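What follows is one structure encoded as structure tokens, with my remarks underneath.
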Amino acid sequence: KNEVEQSPQNLTAQEGEFITINCSYSVGISALHWLQQHPGGGIVSLFMLSSGKKKHGRLIATINIQEKHSSLHITASHPRDSAVYICAVRRRSYNTDKLIFGTGTRLQVFP
Amino acid sequence: NAGVMQNPRHLVRRRGQEARLRCSPMKGHSHVYWYRQLPEEGLKFMVYLQKENIIDESGMPKERFSAEFPKEGPSILRIQQVVRGDSAAYFCASSPQSFRGVPEKLFFGSGTQLSVL
Chain H
7 KNEVEQSPQN
17 LTAQEGEFIT
27 INCSYSVGIS
37 ALHWLQQHPG
47 GGIVSLFMLS
57 SGKKKHGRLI
67 ATINIQEKHS
77 SLHITASHPR
87 DSAVYICAVR
97 RRSYNTDKLI
107 FGTGTRLQVF
117 P
Chain S
8 NAGVMQNPRH
18 LVRRRGQEAR
28 LRCSPMKGHS
38 HVYWYRQLPE
48 EGLKFMVYLQ
58 KENIIDESGM
68 PKERFSAEFP
78 KEGPSILRIQ
88 QVVRGDSAAY
98 FCASSPQSFR
108 GVPEKLFFGS
118 GTQLSVL
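Okay, structure coming up:
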């Protein structure tokens with residue numbers, strides 16, 4: 007079983023729909039990142055959070071440390087939101103932390 | 008202010024050849040991280056470097072792979088005697104500072120897609 011699991015793996019939506027992508031993890035972490043990978047391959051960091059909730063434009067990320075779960079929400083989705091969304095957790099190691107990545111959720115938003 | 012620059016974008020090598028992947032971090036960034044993304048798999052940490060130092064190479068295969076980040080010039084990920092299983096997208100990220108080996112904010116390059124024939 008992967009230490010970081012994302013669901014769903016694939017998601018299609020109509021423009022304007024509210025989107026939720028989930029991330030569950032099984033290790034102790036100090037922070038969690040949400041990343042966006044564009045069709046061309048480029049990766050952009052969206053959020054880093056260790057508790058509560060963060061909002062940036064139409065994107066909202068929440069995390070529940072006790073339940074080991076995070077969600078990424080997209081309000082009023084748009085075709086330009088089509089991308090792969092990746093969850094990565096920061097796990098303590100011997101003397102450095104490590105980022106462990108989920109396999110991503112592929113989102114397609116149709117007009 | 009250019010972002011993290013990786014080149015080449017695509018690299019084709021035959022089995023047994025060497026692959027050199029370059030990463031120029033953002034201006035002012037002295038921490039570089041290399042990640043590998045195999046087809047249908049998530050990103051995996053390979054190595055973390057600061058100028059002239061390898062800080063953590065626990066994700067690097069023991070043989071054929073090496074990385075450097077010289078005082079001047081880009082960081083280089085070198086793969087000797089490539090095999091088909093090395094075919095993957097290799098991403099570099101940089102940061103101005105790091106806490107316990109992981110940057111607070113990740114700035115990624117566009118990746119190098121390595122194809123081994």
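So the protein sequences, as listed, match chains H and S.
Heads up, our numbering is the position in the first sequence plus 6, with the first residue counted as 1.
Heads up, our numbering is the position in the second sequence plus 7, with the first residue counted as 1.
Note that the Cβ used here is the ideal one computed from N, Cα and C, for glycine as well.
Everything numeric in this text was worked out from a predicted model, so none of it was measured.
- Residue H:Tyr91 holds the alpha-carbon nearest to the alpha-carbon of His39 (chain H) among H:Tyr91, H:Phe116, H:Ile25, H:Arg112.
- Contact with chain S is found for His39 (chain H), since one of that chain's Cβ atoms lies less than 8 Å from the residue's Cβ.
- When C-alpha distances from His75 (chain H) are compared across H:Gln15, H:Gly58, H:Arg112, H:Ser88, the shortest belongs to H:Gly58.
- A distance below 6 Å between beta-carbons, with the five flanking residues on each side excluded, links Leu50 (chain S) to the following residues of its chain, in chain order: Tyr42, Gln44.
- Assignment of Gly58 (chain H) by DSSP, reduced to helix, strand and coil, places it in the strand class.
- Pairing Phe76 (chain S) with Ala82 (chain H), the inter-Cα distance amounts to about 43 Å.
- Beta-bridge analysis with DSSP links Met33 (chain S) to no other residue.
- Legend: CB atoms of the segment 50–79 of chain H lying less than 8 Å from CB atoms of chain S belong to residues Val50, Ser51, Met54.
- The alpha carbon of Asn60 (chain S) has as its nearest neighbour, out of S:Tyr40, S:Met33, S:Gln120, S:Arg27, the alpha carbon of S:Tyr40.
- At a C-beta separation below 8 Å, Ala74 (chain S) has no neighbours in chain H, since its nearest C-beta there lies roughly 15 Å away.
- Of the candidates S:Gln87, S:Ile62, S:Pro15, the residue whose Cα lies closest to the Cα of Arg21 (chain S) is S:Gln87.
- If you check each beta-carbon in the segment 20–34 of chain S against every beta-carbon of chain H, none falls closer than 8 Å.
- Secondary structure at Arg86 (chain H): helix, using DSSP grouped into helix, strand and coil.
- Taking a Cβ-Cβ cut-off of 8 Å, the neighbours of Ala96 (chain S) in chain H comprise Gly47, given in sequence order.
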